[in-house]
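**Q** If you're matching them up, the sequences are chains G and D in order. The numbering used here puts the first sequence at residues 90 to 203. The numbering used here puts the second sequence at residues 13 to 127. Cβ atoms here follow ideal geometry from the backbone N, Cα and C, with glycine treated the same way. What you are looking at is a predicted structure, and each value in this text was computed from that prediction instead of being measured. Next up is a structure, given as structure tokens.
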Amino acid sequence: GNSVTQMEGPVTLSEEAFLTINCTYTATGYPSLFWYVQYPGEGLQLLLKATKADDKGSNKGFEATYRKETTSFHLEKGSVQVSDSAVYFCALNMGPNAGNMLTFGGGTRLMVKP
Amino acid sequence: GAVVSQHPSRVICKSGTSVKIECRSLDFQATTMFWYRQFPKQSLMLMATSNEGSKATYEQGVEKDKFLINHASLTLSTLTVTSAHPEDSSFYICSASHLGSNIQYFGAGTRLSVL
């Protein structure tokens, strides 16, 4: 079956540090890949996405590149802020033929200290 | 655009009562809606998928009679937790997508506490 594996948190960084959250996937076929962010007590917000190999998704300084050869979609940000503290979920979607269902990773909690 | 509203954000109820949670797509037609449950510090667990006008498809292990899902219109789906018990206490999150899109837009979640 399909699965997503994320690095376990929490990840604790100082403000302005470089962020990488690793995400790898297993899928039969060619999924679309997503990063969602969840702030405390809230639902999930779409952060960025990529739909095919070598696509780069980017938003709010965050980036992730769809790497088919390594089945990865690592999330990066050059300089984190305290406001980036949240839980980040990597997810894949196999498309309408699979009901457009999302398969989530376990989530990675990021804590940014001033 | 693509806003999903979920209500209530928090509910506390007595054991044995039923609780209804609403999920609305405010600016698009949600052909498919999803209901998730999230335990503390864990990922989201898909409970069921509902398409407008059809019966919901429940994931294995989710009790259909316990968690009633209705998706009667293209902008509204409801989850009713029937005869709630303390073990049903959790964070419930809905999401919605429109026809032809592989993006799910999430509501803000409902924290249910059953006393």
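Quick check on Asn-114/D - is its C-beta less than 7 angstroms from some C-beta in chain G?
**A** Cβ-Cβ to chain G under 7 angstroms: yes for Asn-114/D.
**Q** Considering only C-alpha positions, which residue in the set Tyr-104/D, Val-16/D, Gly-28/D and Ala-42/D is nearest to Ser-62/D?
**A** Nearest of Tyr-104/D, Val-16/D, Gly-28/D and Ala-42/D to Ser-62/D, Cα basis: Ala-42/D.
**Q** When the Cα atoms are used, what is the spatial distance from Phe-79/D to Val-93/D?
**A** For Phe-79/D and Val-93/D, the distance between alpha carbons rounds to 5 angstroms.
**Q** Would you call Ala-142/G buried or exposed, if buried means 16 or more other Cβ atoms sit within 10 Å of its Cβ?
**A** Counting Cβ neighbours within 10 Å, Ala-142/G comes out exposed, since fewer than 16 surround it.
**Q** Quick one: residues in its chain with C-beta nearer than 8 angstroms to the C-beta of Gln-134/G, no 5 flanking neighbours on either side, listed in chain order?
**A** So the list reads Tyr-125, Val-126, Gln-127 and Tyr-128, once near-sequence residues are dropped.
**Q** Thinking Thr-69/D and Ser-109/D are a contact (beta carbons under 8 angstroms), I'd like their distance in whole angstroms, please.
**A** Actually they do not touch by this definition, with Cβ atoms about 14 angstroms apart.
**Q** So if DSSP puts Gln-170/G in a beta bridge, which residue, or which two residues, is it bridged to?
**A** According to DSSP, which records beta bridges pairwise, Gln-170/G is partnered with nothing at all.
**Q** According to DSSP, what are the bridge partners of Asn-82/D?
**A** Asn-82/D is bridged to Thr-90/D.
**Q** Indicate whether at least one CB of chain D lies closer than 7 angstroms to the CB of Phe-193/G.
**A** Phe-193/G counts as touching chain D.
**Q** Which residues share a DSSP beta bridge with His-19/D?
**A** DSSP lists Glu-34/D as partners of His-19/D.
**Q** For Thr-140/G and Tyr-155/G, what's the separation of their Cα atoms in angstroms?
**A** Each residue's Cα considered, the two are about 8 angstroms apart.
**Q** Starting from Gly-146/G and walking both ways along the beta strand (DSSP E), at which residues does that stretch end?
**A** Segment 145-148, the beta strand (DSSP E) holding Gly-146/G.
**Q** For Leu-122/G, go through chain D and note every residue whose CB falls closer than 7 angstroms to its CB, in chain order.
**A** By Cβ distance, chain D contributes nothing, its closest Cβ being about 10 angstroms from Leu-122/G, past 7 angstroms.
**Q** Taking the alpha-carbon positions, what's the Tyr-177/G to Ala-60/D distance?
**A** Looking at the two C-alpha atoms, the distance is approximately 23 angstroms.
**Q** Strictly by DSSP, which residues pair up with Met-57/D?
**A** Paired residues: Arg-49/D.
**Q** Beta carbons nearer than 7 angstroms to chain G: which residues of the region 41-52 of chain D have them?
**A** Cβ contacts with chain G come from Thr-44.
**Q** Give the interface partners of Lys-149/G over in chain D, defined as CB-CB distance under 8 angstroms, in chain order.
**A** Under the 8 angstroms cutoff, chain D gives no residues; its nearest Cβ is about 17 angstroms from Lys-149/G.
**Q** Name the chain D residues whose beta carbon is nearer than 7 angstroms to that of Glu-131/G?
**A** Near Glu-131/G (Cβ distances below 7 angstroms), the residues of chain D are Ala-120 and Gly-121.
**Q** With a cut-off of 7 angstroms, does the C-beta of Gly-88/G fall near any C-beta of chain D?
**A** Not covered by the structure: residue 88/G. The range shown for chain G is 90 to 203.
**Q** Leaving out five residues on either side along the sequence, give the residues of the same chain with a beta carbon under 8 angstroms from the beta carbon of Ala-180/G.
**A** Around Ala-180/G: Val-93, Leu-122, Phe-123, Trp-124, Tyr-125, Leu-191, Thr-192, Phe-193 and Gly-194.
**Q** Is it the case that the region 159-168 of chain G contacts the region 91-110 of chain G, given that we only count it when at least three CB pairs across the two stretches are under 8 angstroms?
**A** Cβ pair count under 8 angstroms is three or more, so yes.
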